[in-house]
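Everything on this sheet refers to the single structure shown next.
Residue numbers (the working numbering): 76 to 395.
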């Protein structure tokens with residue numbers, strides 16, 4: 076409490092106290108009386124009525140009778156009552172000043188706390204703005220990543236569709252190639268089935284004629300006729316029009332090299348027939364004077380299979 080003693084009689088402290096406690100301006104605060112004032116008030120006869128101080132001044136004029144003014148007396152009485160009321164309302168100056176400075180300290184502390192709180196709030200708002208900005212950046216980045224993921228997914232689906240289409244196209248291509256190969260193979264087999272019997276009949280006719288020549292059969296013999304040529308069951312023609320060897324006289328020619336069969340053989344048939352003639356020439360010595368035995372259907376079927384095996388099969392064509 077000693078640090079406030081030098082401000083006890085300060086006018087500024089009194090004004091601050093008035094402002095703090097909202098005291099009206101017309102109401103005054105009694106200051107502490109100094110020691111000199113206390114001495115003057117303590118002199119005897121100062122306030123005593125009817126006693127005059129002894130001085131060397133000239134005698135006063137005669138005292139006139141006192142006439143009391145009721146109006147002034149009433150005003151003095153009101154002023155005195157007012158001072159008593161004001162004195163009862165006011166606080167002692169020392170305690171009031173101490174309360175003023177305590178209130179100032181509290182206000183200063185509150186202001187400091189308020190500034191600190193304001194600083195904390197500003198820092199929190201700055202951190203919030205930074206976090207909000209970072210959150211917005213992360214949202215934008217997430218949106219970009221989502222767009223990239225969707226683009227990658229769409230590209231993957233497109234590639235899968237393309238791969239599936241390529242697989243289906245390749246499968247269809249292979250199926251078409253296989254179908255084409257099967258058709259070609261079937262056509263080749265059909266052609267060979269129609270061609271091989273004709274070649275075999277031509278060969279049989281040549282062998283039959285050569286056997287008759289070796290046996291010395293006359294040209295007018297019935298064995299020289301086309302109907303007399305023996306064909307195995309597997310290569311026999313279905314009608315008389317399909318006979319590979321025929322002549323105007325209805326007999327086989329004596330020289331097969333001069334009179335070829337009426338059927339127009341293909342180049343392959345001619346080559347096979349020439350090979351058969353060469354093979355027959357090499358075996359003349361062993362077959363002279365001996366009639367050829369009839370060929371059984373089983374042997375003929377085996378010969379046909381051998382001929383089919385020797386014929387080349389066309390390769391598989393690439394449809395490209």
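From the three backbone atoms N, C-alpha and C, an ideal C-beta is built for every residue, glycine too.
Just so we're clear, the structure is a prediction, and the values are computed from it rather than from any experiment.
Locate the alpha helix (DSSP H) running through residue i, then write down its first and last residues.
i, result
"residue 272", "168–290"
If distances are taken between C-alpha atoms only, which option among the options comes closest to residue i?
i, options, result
"residue 279", "258, 257, 306, 288", "306"
"residue 286", "272, 304, 275", "304"
"residue 269", "188, 218, 313", "313"
"residue 311", "273, 289, 222, 299", "273"
"residue 277", "246, 260, 301", "301"
Kindly say whether residue i, judged by its beta-carbon, lies nearer than 8 angstroms to any beta-carbon of chain C.
i, result
"residue 233", "Structure shown: chain C not included; a single protein chain is present."
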